[in-house]
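Since the structure comes first, as structure tokens, the remarks are kept for the end.
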Amino acid sequence: LGLEKVSDLEEYADTFKVGVDNSWLEREGDGYDGFVQTYGFDFDNLYPMAIGLVYTAIANEEIDVALGYSTDGRIISEDLKVLEDDRHLFPPYDASPVATNEIRARYPDL
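If you count the sequence shown from 1, you need to add 736 to reach this note's numbering.
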């Protein structure tokens, strides 16, 4: 199909089955409303589900497209293609280690 960018999905918005994280539908800014405003189209076949199920559904070919997180290792293990966010809706999701204040106090050199 030659899909490279998120905007390329517009041509298939009425036919593709799209799996999304439940919370994305209501999230301010980069949620579904923000997507529709930024990209100018919506999907006819939207399937909200727990984020873990999105990857299972696309691996089992139950959906055609999934909204995932770029830091998720299943993108590589399932050989999925990440489409370019060509209208810059989504902020970068960089994985970072975090520690509690108790650990920070115990190991101040962290």
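Cβ atoms here follow ideal geometry from the backbone N, Cα and C, with glycine treated the same way.
Run of the alpha helix (DSSP H) containing residue i, from where it starts to where it stops
i: Tyr-843; result: Segment: none, Tyr-843 is in no alpha helix (DSSP H) and carries neither H nor E.
From the options, residue whose alpha carbon lies closest to that of residue i
i: Lys-849; options: Ile-794, Asp-830 and Tyr-829; result: The structure shown has nothing for residue 849, since the chain only spans 737 to 846.
i: Phe-779; options: Met-785, Glu-814, Ile-811 and Phe-752; result: Phe-752
i: Asp-744; options: Ile-811, Val-790, Asp-822 and Asn-781; result: Asp-822
8 Å contact criterion, which residue i and residue j should meet: CB distance rounded
i: Tyr-775; j: Val-742; result: 6 Å
i: Asp-815; j: Val-790; result: 15 Å between Cβ atoms; not a contact.
Cα-Cα separation, residue i to residue j
i: Tyr-829; j: Thr-807; result: 7 Å
i: Thr-836; j: Glu-747; result: 46 Å
i: Gly-788; j: Leu-761; result: 16 Å
i: Ile-763; j: Asp-769; result: Note that residue 763 corresponds to Arg in the displayed sequence, not to Ile. Those two C-alpha atoms are separated by around 8 Å.
i: Thr-792; j: Glu-798; result: 9 Å
Cβ-based neighbour list, residue i, same chain, cut-off 6 Å, excluding 5 preceding and 5 following
i: Ser-813; result: none
Where the beta strand (DSSP E) through residue i begins and ends
i: Val-790; result: Run containing Val-790: none in the beta strand (DSSP E); it sits in the alpha helix (DSSP H), 787-795.
i: Gly-755; result: 753-757
Chain-order list of residues whose beta-carbon lies under 7 Å from that of residue i (same chain, five-residue window excluded)
i: Ile-811; result: Gly-804 and Val-818
i: Pro-844; result: none
i: Leu-782; result: Val-754 and Val-756
Contact set for residue i: own chain, Cβ-Cβ below 8 Å, skip 5 residues either direction
i: Arg-840; result: Leu-846
i: Arg-842; result: none
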